[in-house]
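In this note's numbering, the protein residues as written are 88 to 416. We put the beta carbon where it would ideally sit given N, CA and C, even for glycine. Just so we're clear, the structure is a prediction, and the values are computed from it rather than from any experiment.
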Ligand code: ASP
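Structural data, given as structure tokens:
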């Protein structure tokens, strides 16, 4: 191409970009004019999906458009993260993910996205405790008995998780690393289907969030061996913490954040942030989360800076823990 031609081509590109910029300025003002997709990195019916569906309705009401949940399962959430990192930054794709956004870095050699640069940050959502669970007819009735049962049966014991990068995998493998055993780990597309199999007795153990599990613990349909919190949970006060049963400092609280693809315009991010704040302030959402002993983050954390800072500090916390525990095994 000669100089003139390349200049003209450049000019055409610049003009096209100019049109895009002005269209996009108008689009930013009008946004949203159609439904918004909220991507969830795990299967429907699981804890991340439940929180997403809980906030989707009031967020949609605040924005005047439906917020539609889309489950993009697989590879412990990294398939969804990749999809969102590559999506158009027009506000019509947003993303909820938990602390897997911080742990995947240490679990995968090379991710097709960078948690610190491939996204816009909208705000933190909620912190969810976890519980070490067993199927109803597992012979062990408490943590001590579980330790003995595992030592006697080793890899015959099966443990479900939501894939490499999921918090259920992290919790399960930290537990095995502390016990010095290797169980048979079975990956699912989310802890929703994993919990179904635990209830059906097809798998022995699962480390899952409290979001769906409390009613099953209370009515004895699954066994609870310990919580991953430093204090016992008010909804299940008879379940001791793992910490008090000898696993000192065993703490996993599953924090969540809302993101958008990098380059999503600030005025749109501001509108999403306002809708998120409104949703988390809704009495229905608060009640549902409180019932599951989930902590809604204070308003001061529902912003981009708090989420990005938290993500960075969590990458630094979990990287060494994961490497030391030799996860994945
Ligand atoms: N919370 C699950 C995990 O990371 C996944 C899910 O929400 O289904 O283990």
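For the ligand ASP, is there any heavy atom lying closer than 7 Å to the beta carbon of residue 272?
The residue given as residue 272 occupies position 185 in the chain shown. Not so, every heavy atom of the ligand ASP lies at least 7 Å from the Cβ.
Where do the N-terminal and C-terminal ends of the alpha helix (DSSP H) with residue 332 fall, by residue?
Position 245 of the chain shown holds residue 332. Element bounds for residue 332: n/a, residue is neither H nor E.
I believe residue 210 touches residue 347 by the beta-carbon criterion, under 8 Å. Please report the beta-carbon distance rounded to the nearest angstrom.
Within the chain shown, the letter at position 123 stands for residue 210. Within the chain shown, the letter at position 260 stands for residue 347. So it is not a contact: roughly 11 Å between Cβ atoms.
Enumerate, from N- to C-terminal direction, the unbroken alpha helix (DSSP H) stretches of 4 or more residues contained entirely within the stretch 244-324.
Within the stretch 244-324, complete alpha helix (DSSP H) segments of at least 4 residues are found at 254-266, 278-287 and 297-305, given in chain order.
With distances taken between CB atoms, is the gap from residue 297 to residue 385 smaller than 8 Å?
Indexing the chain shown from 1 puts residue 297 at position 210. Indexing the chain shown from 1 puts residue 385 at position 298. Not in contact: residue 297 and residue 385 (Cβ atoms no closer than 8 Å).
Is the separation between the beta-carbon of residue 329 and that of residue 314 shorter than 8 Å?
Here residue 329 is taken as the residue at index 242 of the chain shown, counted from 1. Here residue 314 is taken as the residue at index 227 of the chain shown, counted from 1. Yes. Within cutoff.
Any heavy atom of the ligand ASP closer than 7 Å to the beta-carbon of residue 255?
In the chain shown, the residue the question calls residue 255 occupies position 168. Answer for residue 255: yes, Cβ within range of the ligand ASP.
Which of the three DSSP states is assigned to residue 206 in this structure?
For this step, residue 206 is matched to residue 119 along the chain shown. DSSP places residue 206 in strand when its eight states are reduced to three.
How about residue 367 and residue 383: are their beta carbons less than 8 Å apart?
In the chain shown, residue 367 corresponds to position 280, counting from 1. In the chain shown, residue 383 corresponds to position 296, counting from 1. Their beta carbons are under 8 Å apart, which means residue 367 touches residue 383 by this criterion.
Heavy atom of the ligand ASP within 7 Å of residue 187 beta-carbon
In the chain shown, residue 187 corresponds to position 100, counting from 1. Residue 187: yes, Cβ under 7 Å from the ligand ASP.
Report buried or exposed for residue 155, applying the criterion of at least 16 other Cβ atoms within 10 angstroms of its Cβ.
Within the chain shown, numbered from 1, the residue matching residue 155 stands at position 68. By the 10 Å Cβ count, residue 155 comes out exposed.
Within the stretch 118-184, note down every full alpha helix (DSSP H) run reaching 4 residues or more, in order along the chain.
134-150 and 165-173
If residue 339 sits next to residue 404, beta carbons under 8 Å apart, how far is it from one beta carbon to the other, in whole angstroms?
Along the chain shown, read from residue 1 onward, the residue named residue 339 stands at position 252. Along the chain shown, read from residue 1 onward, the residue named residue 404 stands at position 317. That belief does not hold up - the Cβ atoms of residue 339 and residue 404 are roughly 11 Å apart, past 8 Å.
Beta carbon of residue 134: closer than 7 Å to some heavy atom of the ligand ADP?
Questions concerning the ligand ADP fall outside what the structure shown contains, since the ligands it does hold are the ligand ASP.
As assigned by DSSP and simplified to three states, the class of residue 381:
In the chain shown, the residue the question calls residue 381 occupies position 294. Shown here, residue 381 sits in coil according to DSSP, grouped into three states, outside any helix or strand.
Using a 10 Å radius around the Cβ and a threshold of 16 neighbouring Cβ atoms, would you call residue 162 buried or exposed?
Position 75 of the chain shown, counted from the first residue, corresponds to residue 162. Flag for residue 162 reads buried.
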